[in-house]
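To start, the structure itself, in structure tokens.
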């Protein structure tokens, strides 16, 4: 993210330098002398404030997109469109027993027809 901002600032600086060089009659020196007077400086600050607002908006865009995605997830959960979850853990006292927990986060009913265990990763010794 920091590299993008650096490249953006470099691009803006190059753009300003090219604009100053092209708009002057005797290239950069005359342009700087003309544009750095008080009246012209005030005009430049006024013109560049729009670009500063654009840079600030562009920098905040990734955070706004992340916030939008999180709000979308929360909305799916609240209205009942989230998928059910299935958790399998070992029993605390009997290490040869598995505890299966199914939570339906969805507003529609689910039916569990069959549960089969092929092998256990931590067999009793």
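Residue numbers (the working numbering): -12 to 112.
In this text, a Cβ means the ideal position worked out from N, Cα and C, and glycines have one as well.
Keep in mind that this is a model prediction, so the values were computed, not measured.
Measure the alpha-carbon distance for residue 35 versus residue 29 and round it to whole angstroms. Our two residues, residue 35 and residue 29, have alpha carbons roughly 10 Å apart in a direct line.
As assigned by DSSP and simplified to three states, the class of residue -9: Reduced to three states, the DSSP call for residue -9 is helix.
Using a Cβ-Cβ cutoff of less than 8 Å, which residues in the same chain neighbour residue 92 once the five nearest sequence positions on both sides are dropped? Result list for residue 92: 64, 67, 69, 70, 71, 72, in chain order.
Hey, could you find the ends of the beta strand (DSSP E) residue 76 is sitting in? Residues 72 to 77.
Do residue 102 and residue 87 have their CB atoms nearer than 8 Å? The Cβ atoms of residue 102 and residue 87 lie closer than 8 Å to each other.
Let's see if you can read the secondary structure: which residues bound the beta strand (DSSP E) around residue 90? First-last of the beta strand (DSSP E) with residue 90: 85 to 90.
By how many angstroms is the C-alpha of residue 55 removed from the C-alpha of residue 62? Straight-line Cα distance between these residues: approximately 10 Å.
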